[in-house]
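One structure is given below, encoded as structure tokens.
Protein chains: 2
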Amino acid sequence: MHQHSEGASERGRTAHQFFLDLQDRITDALATLDGRSSFRSDPWDRPEGGGGRTRIIEDGAVFEKGGVAVSAVHGELSEAFAKELPGPGRRFFATGISLVIHPRSPHVPTVHANFRYLEKGDALGQIAWFGGGADLTPWILYEEDAVHFHQTWKRACDLHPEVADYRAYKKWCDEYFMIQHRHERRGIGGIFFDYLGAGEGAKAMVTRSGGGQGPESRSQDLSKVFAFVKDAGGAFLEAYLPVADRRKNTPGTPEERDWQLRRRSRYVEFNLVYDRGTIFGLKTNGRIESILMSLPNMVSWKYDDQPQPGTYQERLVQVLKTPRDWLG
Amino acid sequence: MHQHSEGASERGRTAHQFFLDLQDRITDALATLDGRSSFRSDPWDRPEGGGGRTRIIEDGAVFEKGGVAVSAVHGELSEAFAKELPGPGRRFFATGISLVIHPRSPHVPTVHANFRYLEKGDALGQIAWFGGGADLTPWILYEEDAVHFHQTWKRACDLHPEVADYRAYKKWCDEYFMIQHRHERRGIGGIFFDYLGAGEGAKAMVTRSGGGQGPESRSQDLSKVFAFVKDAGGAFLEAYLPVADRRKNTPGTPEERDWQLRRRSRYVEFNLVYDRGTIFGLKTNGRIESILMSLPNMVSWKYDDQPQPGTYQERLVQVLKTPRDWLG
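Chains as they are written, first to last, in our numbering: chain F, 1 to 328; chain Z, 1 to 328.
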């Protein structure tokens, strides 16, 4: 896989290697927890430069469908897209890890995480930054799960006070994963950040992408940012595994399963209508299967699907409409 | 419901009444064919002006989920959207009928139709036009069904040679219902047309929306256009009912059902990523439930879901990749 980052800067190659190692750790741990299915690897090359290693789990005991993908791609951005990113020029190198896991039981939340590194400019590495985040989508709300998930990300941020700010990244996450037409978020959030290390040039981008305190008041030292991203990437298993582990033996009633399938439709709506990465990938000849691995196996849409007052369904939707401060 | 078109021009009110009557005819006929479920009515008002009458069928013997909606709305377009439509000014009146029917059996194709009338301009009715179309989405291809569907639309067009051109509208339909990222269409097409009657001002719009011979060589006389739209609307039941009727007693094997659910995911991808009406509605505070009634009840996404060579699945996908001339 290393050939995918040949020609990148040394930092680019190191980031790529970190994402590959993280992918190994995550897929090993998830397969162990699942106990029945393991991940199959689907490596691919990008004709215009680079490629990836997509790993898929299907029909597991715990995980109904999931993907953990690493890619490293390079080339020339379209003029229109180049303008939407910090820095001059159109050459780019991008590497990252992206994962979405859809468990079978409605008691186990769906989870997403993504960490990425980008370089842009006519001299590669002229401007470079990290972005990423993770968010949790429960179908039946267990407050202790939400608290644990957020606590883990706060700890990862707190280790790097010069770089990361949990409060700002939590807010950014709540803003990013907004399903505008439903007036609700896709889940109970987590953290989201972008353009860390890109310096002053990134201020406008942060404002435009709608959120957070942004990196302007934070260190723009890329090695400090990378150290944070390493700890954040490493925190994923800590944030999610205990939650999946303590819920995996609760199978859910048929009614709860039906609720899960109906709520998954909102996940699809977010990804296909709003998610910047998904839409960019679909409209620029990205690798479709790696992009759409985020979509659940079984999904259901009902007409005018509103929860009844006083039910666990309504309690969940309330939290999606009005994000809570999980750490008091 | 007539109050929704109060204040519109006389033609606007007449078009609205035609769509309401057509809705009655269509929902009566579909409920009769279904035999178990009927349509329930969900009337709504639009705070900014107008409203609609959405009718929904769920859990029928033949129809798993479907909606037939009529609306008549008026007000001011956003500056950005006003520019994308022919004619000056921002005031508008729009009325139309829109339907999507998702049958239960994978042998009965999903169908969509939409006919609409718009007025725009500071003096209402300053510029006005009709648009519409219908397309069929089989999961298992029966050539005789595709031929019958297209033949019906050709007959409706041929009754109005000054206005309508089946060949051009068939091509326009194949271009419109393209799922770019899959390099395939959502179905075997039908007809699609827009800006009929809007005159010279609509030429640029037709080119931009990518298709067909366009109305420029056709009559721009709105009463002739309306006469065509009446016959096209009236042709819907003729185009679809015989197809649904002859397949409705073929339930489909579990494998065929699975294929249907997986193919429905492409329908969702088209509607959420490309359909102009859907995206416009979602991003401009449209009535969500009426917009998303087009989405199927049960849907499935698999990773890297390609049909095996030599199967009925592959035969269908071939036709979606390379549209056929159904009328020889």
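Here a beta-carbon is modelled for each residue, glycine too, at the ideal position from N, C-alpha and C.
- Of all residues in the stretch 297-309 of chain Z, those with a C-beta nearer than 9 Å to a C-beta of chain F are Asn297, Met298, Val299, Ser300, Trp301, Lys302, Tyr303, Asp304 and Asp305, reading in chain order.
- Counting C-beta pairs with one atom in each stretch, the stretch 286-298 of chain Z and the stretch 2-11 of chain Z have fewer than three that are closer than 8 Å, which means they do not touch.
- Three or more Cβ pairs drawn from the stretch 217-231 of chain Z and the stretch 129-138 of chain Z lie within less than 8 Å of each other, which places the two stretches in contact.
- Just measuring C-alpha positions, the residue of F/Ala15, F/Gln180 and F/Gly233 sitting nearest F/Glu119 is F/Ala15.
- Two segments are said to touch when three or more pairs of C-beta atoms, one from each, lie closer than 8 Å; by this definition the stretch 137-154 of chain Z touches the stretch 242-250 of chain Z.
- With respect to chain Z, the C-beta atom of F/Met293 has a partner C-beta closer than 8 Å.
- Taken atom to atom, the span from the alpha-carbon of Z/Gln313 to that of Z/Lys154 is near 28 Å.
- By the rule that beta-carbons nearer than 8 Å mark a contact, Z/Val163 does not touch chain F.
- Using a Cβ-Cβ cut-off of 9 Å, Z/Asp275 is close to nothing in chain F; its nearest Cβ partner there is about 11 Å away.
- If you keep only unbroken beta strand (DSSP E) runs of at least 3 residues inside the stretch 23-51 of chain Z, you get 40-45.
- Between F/Lys302 and F/Glu184, the C-beta spacing is not below 8 Å.
- For Z/Ile56, the chain F residues whose C-beta falls within less than 7 Å of its own C-beta are Tyr303, listed in chain order.
- When DSSP states are grouped into helix, strand and coil, F/Thr284 belongs to the coil group.
- According to the DSSP assignment, F/Trp129 belongs to no alpha helix (DSSP H) but to the beta strand (DSSP E) extending over Ile127 to Thr137.
- Z/Trp44 and F/Gly328 have their C-alpha atoms spaced approximately 41 Å apart.
- The three-state secondary structure of Z/Lys248, taken from DSSP, is coil.
- Shown here for F/Gln180: not one same chain residue has a beta carbon closer than 6 Å to its own, the five before and five after excluded.
- In this structure F/Phe192 is in contact with F/Cys173, their Cβ atoms being roughly 4 Å apart against a cut-off of 8 Å.
- Residue-level contact by beta carbon fails for Z/Leu30 and chain F, as no gap is shorter than 8 Å.
- The straight-line gap separating the alpha-carbon atoms of F/Phe39 and F/Asn285 is approximately 26 Å.
- Ranked by Cα distance from F/Val111, the first of F/Tyr176, F/Gly12 and F/Leu237 is F/Leu237.
- When 8 Å is used as the limit between beta carbons, Z/Asp258 is near no residue of chain F, the shortest such separation being about 11 Å.
- Distance from the Cα of F/Gly233 is smallest, within the candidate group F/Ala123, F/Leu316 and F/Val70, for F/Val70.
- As DSSP reads the structure, Z/Ile191 sits in a beta bridge with Z/Ala134.
- Here F/Ser105 has Arg247, Lys248, Thr250, Pro251 and Gly252 as same chain residues with Cβ atoms under 7 Å from its own Cβ, once five neighbours each way along the sequence are excluded.
- According to the DSSP assignment, F/Arg257 belongs to the alpha helix (DSSP H) that extends over Pro254 to Glu269.
- Less than 8 Å separates the beta-carbon of F/Trp326 from that of F/Val147.
- The distance from the Cβ of F/Ile56 to that of F/Phe63 is about 10 Å, inconsistent with a contact at the 8 Å cut-off.
- Around Z/Pro242, the same chain offers His148 as residues with beta carbons nearer than 8 Å, after the five sequence neighbours per side are excluded.
- Close to F/His112, with beta-carbon spacing below 9 Å, lies no residue of chain Z; the smallest spacing is near 15 Å.
- At least one C-beta of chain F is nearer than 8 Å to the C-beta of Z/Gly67.
- The same chain holds no residue with a CB closer than 8 Å to that of F/Gln318 once the five nearest residues on each side in sequence are set aside.
- In the structure shown, Z/Pro242 adopts helical secondary structure according to DSSP, grouped into three states.
- Each residue's CA atom was taken as its position, placing Z/Glu175 and Z/Pro323 some 10 Å apart.
- Against chain Z, the beta carbon of F/Leu272 has neighbours under 7 Å at Glu269, Leu272 and Val273, listed in chain order.
- Between the beta-carbon of F/Asp34 and that of F/Gly60 there is about 4 Å, and that keeps the pair under the 8 Å contact cut.
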